[in-house]
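This is the structure we're talking about:
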């Protein structure tokens, strides 16, 4: 029996970008987290939140969900990958990790990490006009429906 799979990622990604960003900065030693209210300017993706949402929508391979999640007919399966990464003083992405690996399919975790690692450089966060290392957390939700 063939089922038509439908991906509904665009809206979910946009909502995740707008409402689920968790951020904080780190000192130059990269070990002591600072209060987020000490950040003068947060790290920023080119084009801001709208640019980030657009980048994710255009670069995530939505079919990874359809290829790896089993869905019963007339049901929907949703998995949210929570990814943590650093934006360094030069705006480069590093230390990309999945925070909830036991809760999501490994292929979805790998896809979420891939899209973040391959993204362009960000504008770094600053404190007193000095660039600092900044930790960003991003949730990416994959949803598959079978009709």
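In UniProt numbering, the protein residues as written are 1 to 147. Heads up, the beta-carbon is just placed ideally off N, CA and C, and yes, glycines get one too. What you are looking at is a predicted structure, and each value in this text was computed from that prediction instead of being measured.
Separation of the CB atoms of residue 83 and residue 96 is rounded to 6 Å, and the pair is thereby assigned contact status at 8 Å.
When DSSP states are grouped into helix, strand and coil, residue 70 belongs to the coil group. Secondary structure at residue 115: helix, using DSSP grouped into helix, strand and coil. Secondary structure remark: continuous beta strand (DSSP E) runs of at least 3 residues inside the UniProt domain "TonB C-terminal" (80-143), in chain order: 93-98 and 125-127. Per DSSP, residue 56 is one residue of the alpha helix (DSSP H) stretching across 48-59.
Take the alpha-carbon of residue 106 and the one of residue 38: they are about 36 Å apart. Counting only the Cα atoms, residue 43 lies some 9 Å from residue 131. Taking a contact to require three or more Cβ pairs closer than 8 Å, the region 76-95 and the region 103-119 qualify as touching. Counting only the Cα atoms, residue 111 lies some 21 Å from residue 146.
Here residue 41 has 125 and 126 as same chain residues with Cβ atoms under 7 Å from its own Cβ, once five neighbours each way along the sequence are excluded.
Taking residue 51 as the centre and dropping the five residues before and after it, the same chain places the C-beta of 45 closer than 7 Å to its C-beta, in chain order. Excluding sequence positions up to five before and after residue 60, its CB lies within less than 6 Å of the CB of 115, all in the same chain and listed in chain order. The straight-line gap separating the alpha-carbon atoms of residue 78 and residue 143 is approximately 4 Å.
Note on geometry: alpha-carbon atoms of residue 99 and residue 129 lie some 30 Å from one another.
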